[in-house]
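Here is the structure we will look at.
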Ligand SMILES: [Zn+2]
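This is the structure:
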């Protein structure tokens, strides 16, 4: 079932930790973050036995399931990757045309993937795209028809913030497929990630704010179709309120939707989820982290959960062009550390999605996202201590 890009099976040592992770480790803890195998075997096996994997991963020829076209063939041999490496799914090579001046940071996805490629504890893969019929489990048929065939009005395109193209439609299927694959991998292994996704503004009948299809809702619908019955938490730490998630799960009591976001950020017409925390403009690390702790306590009261989707938006960063908060890079590492530690303490599987991030420079946003992935792939006992 596994479609690997195999990477050299080097033991993780401090010297093998990429610079963007080392800098984060210095920010938050005296000891360097050590990256190695992630999920305890006992955890992985118990999850695998508790969950039917009949539709675990899409079936594509192995060559299409790898991202390693630039790697030498010797690195494509089977069994070179530690079996406990966390799986991360990327779709960055499905690009789409953008008009000059469009602020969608398409290059971010490649930059994140390039950073994640340096992590020994992560196995990088490509998933199959979803089918349009999968999206129909969540979205209205008319909305899907419009984005499939390019029937959006100018006004709808403006609300989306992206020009429609066949490539955009195709990329959407691949991006959503990454989240679906990551969710299934998370249940099998304990933790996994999509190097994209978190399209939380996509509502059932309309998409906007760069979000055409709600990846977490589609993944949840497919997990339910697989037979997965445990409760699910959507923990949305993106700086923008998750109105699309709230809409898609409004009638689903088995999914708790929690969002912490800038009070004055987009979207200005909101659909509230189960837990919503408004954060004032220019809030910094300490005050924000206290609010996150409060939100996690509220979430705990609504558990237990079998699976947590973590929308780890990088846009609360002080250098983000679309955010209004003032978190430092170290503050974001600490946010992720607390969220990931909380998920593990509560014995839930972790599915990370990137969600938003529009920093200047965009390389810093990519660093923030990649650190999130590195933390998710870090064994619990090696997670840095709290600041
Ligand atoms: Zn955002």
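Numbering (the working numbering), first residue to last: 1 to 387.
For glycine and all other residues, C-beta sits at the position ideal for the given N, C-alpha and C.
- Here the alpha carbon of residue 272 sits roughly 6 Å from the alpha carbon of residue 246.
- Runs of alpha helix (DSSP H) with 4 or more residues, each lying fully within the segment 236 to 302, are found at 243 to 248, 285 to 301, listed in chain order.
- Rounded to whole angstroms, residue 320 and residue 277 show a C-alpha spacing of 20 Å.
- Residue 359 carries a strand assignment under DSSP once its states are collapsed to helix, strand and coil.
- At a cut-off of 7 Å, the beta-carbon of residue 369 does not count as near ligand 1: no heavy atom of the ligand is closer than that.
- Scanning the segment 118 to 182 for uninterrupted beta strand (DSSP E) segments of 3 residues or longer gives 122 to 125, listed from N- to C-terminal end.
- Residue 183 and residue 193 have their alpha carbons spaced roughly 8 Å apart.
- At the C-beta level, residue 354 and residue 376 stay beyond 8 Å of one another.
- Looking at the DSSP output, residue 309 shares a beta bridge with 234, 351.
- When DSSP states are grouped into helix, strand and coil, residue 191 belongs to the strand group.
- Straight across, the Cα-Cα distance linking residue 161 with residue 207 is about 10 Å.
- Per the coordinates, the alpha-carbon of residue 244 lies some 4 Å from the alpha-carbon of residue 203.
- In the assembly as shown, residue 359 is a buried residue. Its beta-carbon has 16 or more other beta-carbons within 10 Å.
- Taking residue 178 as reference, the option from 352, 367, 374 with the minimal CA-CA separation is 352.
- Residues 163 of the same chain have their beta carbon placed closer than 7 Å to that of residue 99, with the five preceding and five following residues left out of the count.
- Between the segment 295 to 304 and the segment 209 to 217 there are fewer than three inter-stretch CB-CB distances shorter than 8 Å, so the stretches are not counted as touching.
- Put simply, the segment 126 to 138 touches the segment 212 to 220. At least three CB pairs are less than 8 Å apart.
- Taking residue 20 as the centre and dropping the five residues before and after it, the same chain places the C-beta of 115, 367, 370, 371 closer than 7 Å to its C-beta, in chain order.
- For residue 315, the Cβ falls inside the 7 Å cut-off from some heavy atom of ligand 1.
- Within the same chain, 176, 180, 218, 221, 222 come within 8 Å of residue 134 by CB-CB distance, once the 5 residues on both sides are set aside.
- For residue 227 and residue 254, the gap between their C-alpha atoms comes out near 13 Å.
- Closest in alpha carbon position to residue 261, among 304, 291, 169, 340, is 291.
- The C-alpha of residue 307 is placed about 8 Å away from the C-alpha of residue 186.
- Relative to ligand 1, the nearest heavy atom lies less than 7 Å away from the CB of residue 239.
- Residue side-chain check: residue 356 places its Cβ nearer than 7 Å to a non-hydrogen atom of ligand 1.
- DSSP places residue 87 in no alpha helix (DSSP H) but in the uninterrupted beta strand (DSSP E) bounded by 86 to 89.
- Residue 274 places its beta carbon 8 Å or farther from that of residue 324.
- Taking a contact as a CB-CB distance under 8 Å, the pair residue 147 and residue 169 counts as one, their CB atoms being some 6 Å apart.
- For the 8 Å CB-CB criterion, residue 337 and residue 379 do not form a contact.
- The beta-bridge partner set that DSSP reports for residue 208 consists of 211.
- When 214, 347, 318, 140 are compared, the shortest CA-CA separation from residue 200 is found for 214.
- The C-beta of residue 150 has fewer than 16 other C-beta atoms within 10 Å across all chains shown, which makes the residue exposed.
- Residues 243 of the same chain have their beta carbon placed closer than 8 Å to that of residue 269, with the five preceding and five following residues left out of the count.
- Under DSSP, residue 317 takes part in a beta bridge, and its partners are 327.
- Taking each of 283, 312, 90 in turn and checking the Cα distance to residue 113, the smallest one comes out for 90.
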